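The sequence shown runs 15 to 242 under this note's numbering.
Idealized CB from N, CA, C, for every residue including glycine.
Everything numeric in this text was worked out from a predicted model, so none of it was measured.
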Amino acid sequence: MMDENKHYQKDTTGQPVALERRDATEDGRRYSPSTGRNKAIVRETFFSHMPRQGHVLEIASGTGEHGAHITAAATDLTWIYSDIDPVSQASQRAWRVAADHDRLWGPLTVDTTQLAWGEAEALAPFDAVFCANMIHIAPFEAAEGLITGAARLLRPAGRLMLYGPFARNGVIAPSNARFSEDLQRRDPSWGVRDLELQILPLAQAANLDLVAVVDMPANNLSVVFEKR
Ligand SMILES: C[S@@+](CC[C@H](N)C(=O)[O-])C[C@H]1O[C@@H](n2cnc3c(N)ncnc32)[C@H](O)[C@@H]1O
């Protein structure tokens, strides 16, 4: 049987770090150690709270592993990769080529800080938008643009799922506080966001209703919204 985890480096930091090593394999697919650890539980959570059929726009697809892992088990989902980083897009392309199905599309170039989302605009409305581990590794404008852009391009009752570390109403887990400080040392505009104080007000203003907050391992959350 194929060992789908054999490419993961042995990484023990326990936190998703933007600058972790993601070496490309011979076929161009990259593997993120943190995604290797969380992709199974992220898929399970996605299947519990997100549409099982239709079109999913993924923002900040990174290596491309979440889309590959989820579509491998969801035959009625079309998953559209996107990113702003050409190296990540090359890996997404390689995961698409390696898949034995045609449910992976893209990668598109979508920068959530931009008002218009390029080619994604023409493919809308989407049944779902998924974004893991981006809003803390980008300026806050990226989070603002993600929420307003998702709200604009989702169909009514379409869902947005965010995954990653968050503070909760001014309280942050020690590991997330250390992670956030580390991020801010790299770039002062980065940092772990507060779900209640920073993200929910954006969602409310965009007519996205909160439908689920799911505790995930390593002090991460999955947060699911539904478009009114
Ligand atoms: C830590 S990686 C997460 C990758 C993947 N979602 C995962 O969880 O494995 C952060 C990703 O956010 C992307 N990114 C950063 N700023 C962005 C923006 N403004 N719009 C879209 N993607 C962005 C980066 O290119 C990178 O692929």
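Taken through DSSP and simplified to helix, strand or coil, W131 comes out as coil. Contact between the region 158-165 and the region 194-202 is absent: fewer than 3 CB-CB pairs across the two stretches fall below 8 Å.
Shown here, S194 sits in a helix according to DSSP, grouped into three states. P170 is classed as exposed because its beta carbon has fewer than 16 other beta carbons within 10 Å across all chains shown. Residue side-chain check: A82 keeps its Cβ at 7 Å or more from all non-hydrogen atoms of ligand 1. Judged by the Cβ position, N147 qualifies as a neighbour of ligand 1 at the 7 Å threshold, a heavy atom of the ligand being closer than this.
By the neighbour-count criterion, in which 16 or more other beta carbons inside 10 Å mark a residue as buried, L176 falls on the buried side.
C-alpha of D116 to C-alpha of D41: approximately 18 Å in a straight line. Here the distance from the Cβ of E40 to the nearest heavy atom of ligand 1 is not below 7 Å.
Judged by beta-carbon spacing, F154 lies beyond the 8 Å limit of E72, meaning their Cβ atoms are not closer than that value. When secondary structure is reduced to three states using DSSP, T39 falls in the coil class, being assigned neither helix nor strand. Of the candidates E79, S189, A88, T126, T126 places its Cα closest to the Cα of I98.
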